[in-house]
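A.B. asks: This structure is in C-alpha cells; I'll ask about it shortly.
Number of protein chains: 2
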Amino acid sequence: MSTSTKKHSSGCLVAYGLDTFGDRWTLLILRDMVLYGMRRYGQFLSGEEKIATNILADRLKHLEQEGIVQRARDPENRRSYIYSLTDKGLDLVPMILEIIRWGGKYTPLTPRRKKLVGRINDDCAGLLQEIRQRVQNPVE
Amino acid sequence: MSTSTKKHSSGCLVAYGLDTFGDRWTLLILRDMVLYGMRRYGQFLSGEEKIATNILADRLKHLEQEGIVQRARDPENRRSYIYSLTDKGLDLVPMILEIIRWGGKYTPLTPRRKKLVGRINDDCAGLLQEIRQRVQNPVE
DNA sequence: TCATATTGCTTGTGAAAAGCAAGTGAATAG
DNA sequence: CTATTCACTTGCTTTTCACAAGCAATATGA
Numbered sequence: 013m014s015t016s017t018k019k020h021s022s023g024c025l026v027a028y029g030l031d032t033f034g035d036r037w038t039l040l041i042l043r044d045m046v047l048y049g050m051r052r053y054g055q056f057l058s059g060e061e062k063i064a065t066n067i068l069a070d071r072l073k074h075l076e077q078e079g080i081v082q083r084a085r086d087p088e089n090r091r092s093y094i095y096s097l098t099d100k101g102l103d104l105v106p107m108i109l110e111i112i113r114w115g116g117k118y119t120p121l122t123p124r125r126k127k128l129v130g131r132i133n134d135d136c137a138g139l140l141q142e143i144r145q146r147v148q149n150p151v152e
Numbered sequence: 013m014s015t016s017t018k019k020h021s022s023g024c025l026v027a028y029g030l031d032t033f034g035d036r037w038t039l040l041i042l043r044d045m046v047l048y049g050m051r052r053y054g055q056f057l058s059g060e061e062k063i064a065t066n067i068l069a070d071r072l073k074h075l076e077q078e079g080i081v082q083r084a085r086d087p088e089n090r091r092s093y094i095y096s097l098t099d100k101g102l103d104l105v106p107m108i109l110e111i112i113r114w115g116g117k118y119t120p121l122t123p124r125r126k127k128l129v130g131r132i133n134d135d136c137a138g139l140l141q142e143i144r145q146r147v148q149n150p151v152e
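Sequence order for the protein chains is X and W.
Add 12 to a position in the first sequence, counting from 1, and you land on the number used in the numbering used here.
Add 12 to a position in the second sequence, counting from 1, and you land on the number used in the numbering used here.
Following this line, the structure appears as C-alpha cells:
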C-alpha cells in the first residue's frame with residue numbers, strides 16, 4: 013500500500029503539481045477541507061464520493077509529507093486527529109476555484125453551486141479571504 | 013483499453029474536472045499544447061515525460077469526446093492529424109497557470125521557469141491573451 | 001515502381017495501483 | 001468492564017498502467 017504515487021520528476025511545474033495532488037482522490041479531500049470545512053478522518057470517509065479507507069489513509073499521509081496538510085491530536089477527543097491546511101495547502105485554493113469556475117461553465121448547476129460559481133466570477137478575492145478565515149478558525 | 017477513466021459522478025464541479033482531466037497524463041498533454049504549441053501525436057509522444065503510446069491514444073480520444081481538443085487531418089501530410097484546443101480547452105488555461113504559479117512558489121526554478129511564473133504573477137491577463145493567440149494561429 | 005521509412009495508432013502481457021471487506025488497537029461511553 | 005467509536009492496517013480481487021511489439025496507411029528515395 014505504498015504512499016508513492018509514481019513520480020514524473022521532469023522538473024516541470026505542472027508535473028510537480030500532478031505529483032503532489034494529481035490523482036483521483038487528493039483534490040476531493042482538499043475540496044472537502046476547503047469547501048465543507050472537513051477536518052477529521054471519519055468526515056472524509058463519509059463524503060459523497062465514498063473514498064476507500066486505505067486510499068484515504070495513504071493520501072492523507074502523502075499530503076502531510078508534502079506539507080499541504082498537518083495532523084494534530086484533537087484536544088477534546090484523544091482518539092481523534094485534526095487535519096488542517098498549511099499555508100502551502102491554502103495556496104492551492106485559487107487553483108481549486110479555477111477548476112470549479114471551469115466546471116461551472118460547462119455543466120448544469122444547482123442553485124447552490126450557481127451561487128458559488130457566481131461568487132468566484134464576481135468576487136474571487138473576497139471569497140478567497142473568506143475561505144482562509146474559515147479554514148483557520150473553524151466554527152464547529 | 014477502455015477510454016473510460018472511472019467516474020465520480022457526484023455532481024460536484026471539482027469531481028467533474030477530475031473526471032475530465034484528473035489523471036496522471038491528461039494535464040501534461042494539455043500543457044504541451046498550451047506551453048509548447050504541440051499539435052501532433054508524435055510530438056506528444058516525444059515529450060520529456062515519455063507517455064506510453066496506448067495511454068496517449070486513449071487520453072486524446074477522451075479529450076476529444078469531452079470537447080476539449082479537436083482532431084483534424086493535416087492538409088500537408090495525409091497520414092498526420094492535428095490536435096488543437098477548443099474553446100472549452102482554452103478555458104482550462106487559467107487553471108493550468110494556477111498550477112504553475114503554485115508549483116513556482118514551492119519548488120526551485122530555472123531562469124526560464126522563473127520568468128514564466130513572474131509573468132503569471134504580474135501579467136496573467138496578458139499572458140492568457142498571448143497563449144490564446146498563439147494556440148489559435150500557430151507559428152510553425 | 002518497389003523497398004524503406006514515417007505516422008498514428010492497436011494488441012498483448014506483466015506489474016502496479018485501486019477498490020472492497022474484514023480486522024486491530026487505543027480511547028471513550030454506558 | 002463491556003460495547004462502541006475512531007483511525008487506521010491487512011489481505012485479496014479487479015482495474016488500470018506501462019512496456020514492447022505489431023500494423024495499416026501514406027510518403028519518400030533509388
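Built from N, CA and C at the ideal position, the CB exists for glycine as well.
What you are looking at is a predicted structure, and each value in this text was computed from that prediction instead of being measured.
Would L40 of chain X and G59 of chain X qualify as a contact pair, given that the criterion is a beta-carbon distance under 8 Å?
C.D. replies: A distance below 8 Å separates the beta carbons of L40 of chain X and G59 of chain X.
A.B. asks: Please compile the residues from chain W whose C-beta is within a distance smaller than 7 Å of the C-beta of R125 of chain X.
C.D. replies: Under the 7 Å cutoff, chain W gives L25.
A.B. asks: Pairs of beta-carbons, one from the stretch 18-36 of chain X and one from the stretch 110-117 of chain W, closer than 8 Å: are there three or more?
C.D. replies: yes
A.B. asks: Could you pull the start and end residues of the beta strand (DSSP E) that R85 of chain W belongs to?
C.D. replies: V81 to R85
A.B. asks: Using a Cβ-Cβ distance under 8 Å, would R43 of chain W count as near chain X?
C.D. replies: yes
A.B. asks: According to DSSP, which residues form a beta bridge with L97 of chain W?
C.D. replies: Answer by DSSP bridge pairing, in chain order: W:V81.
A.B. asks: Our contact map puts I94 of chain W next to R144 of chain W with C-beta atoms below 8 Å; I'd like the distance itself, whole angstroms only.
C.D. replies: Contact doesn't hold; Cβ gap of about 17 Å is too wide.
A.B. asks: Determine whether the beta carbon atoms of Q82 of chain W and T65 of chain W lie at a separation below 8 Å.
C.D. replies: Contact: no.
A.B. asks: Given a limit of 7 Å on CB to CB distance, which residues of the stretch 95-116 of chain X reach chain W?
C.D. replies: K100, D103, L104, P106, M107, I108, E110, I111, I112, W114, G115 and G116
A.B. asks: Taking 8 Å as the CB-CB limit, is Y48 of chain X close to chain W?
C.D. replies: For Y48 of chain X, no Cβ of chain W is located within less than 8 Å of the residue's own Cβ.
A.B. asks: List, in chain order, every chain W residue whose beta-carbon is nearer than 7 Å to that of S22 of chain X.
C.D. replies: E60 and E61
A.B. asks: Please check if any C-beta of chain W sits within less than 8 Å of the C-beta of L140 of chain X.
C.D. replies: no
A.B. asks: Using 8 Å for Cβ pairs, my map puts L104 of chain X next to L42 of chain X. What's the rounded Cβ distance?
C.D. replies: 6 Å
A.B. asks: Going along the chain, which residues of the stretch 26-38 of chain W sit with their C-beta nearer than 8 Å to a C-beta in chain X?
C.D. replies: V26, A27, Y28, G29, L30, G34, D35 and R36
A.B. asks: When the cut-off is 8 Å and only beta carbons count, does T65 of chain W lie next to chain X?
C.D. replies: no
A.B. asks: How many whole angstroms separate the CB atoms of V147 of chain X and M45 of chain X, which I take to be in contact at a CB cut-off of 8 Å?
C.D. replies: 7 Å
A.B. asks: What whole-angstrom Cβ distance do Y118 of chain W and K73 of chain X have, given they're in contact under 8 Å?
C.D. replies: Between K73 of chain X and Y118 of chain W the Cβ distance is about 19 Å, and since that is not below 8 Å, they are no contact.
A.B. asks: Around the C-beta of E7 of chain W, are 16 or more other C-beta atoms found within 10 angstroms, so that it is buried, or is it exposed?
C.D. replies: Shown here, chain W extends from 13 to 152; a query on residue 7 of chain W therefore has no answer.
A.B. asks: Enumerate in chain order the residues of its own chain whose CB-to-CB distance from T32 of chain W is below 6 Å, with the five nearest sequence positions on each side excluded.
C.D. replies: Taking C-beta separations shorter than 6 Å and ignoring five residues to either side along the sequence, the partners of T32 of chain W in its chain run E78, following chain order.
A.B. asks: For Y118 of chain W, which residues in chain X fall below 7 Å Cβ to Cβ?
C.D. replies: Result: K100.
A.B. asks: Quick one, which of X:I67, X:R125 and X:Y53 has its alpha-carbon nearest R85 of chain X's?
C.D. replies: X:Y53
A.B. asks: Rounded to the nearest angstrom, what separates C136 of chain W and D135 of chain X at their Cα positions?
C.D. replies: If I take the Cα positions, the gap works out to 17 Å.
A.B. asks: Quick one: what does DSSP say L104 of chain X is sitting in, helix, strand or coil?
C.D. replies: coil
A.B. asks: Taking all protein chains shown into account, decide if P106 of chain X is buried (16 or more other Cβ within 10 angstroms of its Cβ) or exposed.
C.D. replies: Label assigned to P106 of chain X: buried.
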